[in-house]
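Data first, discussion second: the structure below is written as C-alpha cells.
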Amino acid sequence: MPGAGEAAARLLVRTSGGAPVDTGRLPAREAARRELSKGAYHENDPNPLQRALDHLWTWFGDLISAASVVAPGGAAGLVVLLVIVIALAAALRWRLGAPHPGRRRTEALFTHGPRSAAEHRAAAEVHAAADRWNQAVQERMRALVRSLEERALLDPRPGRTADEAAAEAGRTLPPYDTRLRAAARVFDDVTYGGRSADRTAYLTLLDLDRAVETATPRLTGAREGAAE
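Each residue of the sequence shown is one higher than the last, beginning at -14 in this note's numbering.
Right, here's the structure in full:
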C-alpha cells in the first residue's frame, strides 16, 4: 500500500499535467506564516501585559536560580541573605524616617516672617509645656540662630538653612561647633525627615541655646578689625 507521501506526489502529478509542483521553501514558509497569522489561531493567546509578566517572572526565576547556585548554602542560604537585606533596609528606614514627598532638607530655617529671639523662645516654651516637642525643638533652634543674628555673630540672611547656620556659627564659636551641627540635624530630622522629638531632645537644645547666648565669640577678619 503506497504511503501518504507517495499518494500526495501522484496527486500533484495528475493535477499539474504530469509534472510535480514544487512550491519551494520560501513560498511555503510565507504561506504558512499567512495562515498562522489569522485571528482564529490566536484567540486564546495571552494579552501583552500577561506576556510581559510571564517574561518578568521567567527572568526573576532564572535570577533566583543563578543566585542560589553561588550563594553559600544554596537556596536556603539565599533565603537567609534576603531576610538579612530586608531587615537592614527596615532598620535604615526606621533610623532615617519616612521621606516626605515634595520636601527638601534645604528649606529655609525661618518660614513665618521676622520674629525676635525672645518671641521664638516664648513660642518654644509654650510648645514644650504642651508636650509638643517637635514644635518646641523647631522654635528653640530658630531662637538660637536669631539670637546670633541679633548679636551680629551671624549676618541676617533670608533663606538660610539650619545646616548653614550651624556651620557658620561653628566658625565663630568653635567650642560649640559639634553641638551646633548636631542641633541642626535634629531640626532637619524633625522638620523634614518625619522623626519625632522628645523632651530630652528639647532640653539638649535648650541647654545649647543658653550656653551660646553667653559664649564669647572668636572674632576673625572684618570683625577683628572693627573690634580694634
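Backbone N, C-alpha and C fix where the C-beta goes; we use that ideal spot for every residue, glycine too.
Predicted, not measured: the structure shown is a model, and the values here were computed from it.
Check: Measure the CB-CB distance between R125 and D39 and report whether it falls below 8 Å.; Outcome: no
Check: Starting from the C-beta of I49, find all residues in its chain whose C-beta is less than 6 Å away, skip the five residues before and the five after it, and write them out in chain order.; Outcome: none
Check: For A113 versus V130, is the C-beta distance shorter than 8 Å?; Outcome: no
Check: Please classify L176 as buried or exposed, where buried requires at least 16 other C-beta atoms within 10 Å of its C-beta.; Outcome: The residue you asked about is not Leu; residue 176 is Thr in the sequence shown. By the 10 Å Cβ count, T176 comes out buried.
Check: Tell me which residue opens and which closes the alpha helix (DSSP H) that L129 is part of.; Outcome: 118 to 135
Check: Under the assumption that L139 contacts A121 (Cβ atoms under 8 Å), give the Cβ distance between them as a whole number of angstroms.; Outcome: With 8 Å as the limit, L139 and A121 do not qualify as a contact, their Cβ atoms being about 22 Å apart.
Check: According to DSSP, is A167 helix, strand or coil?; Outcome: helix
Check: According to the Cβ coordinates, are A128 and H105 closer than 8 Å?; Outcome: yes
Check: For A147 versus A167, is the C-beta distance shorter than 8 Å?; Outcome: no
Check: With respect to the alpha helix (DSSP H) encompassing D183, which residues constitute its N-terminal and C-terminal limits?; Outcome: That residue, D183, is in no alpha helix (DSSP H); it is neither H nor E in DSSP.
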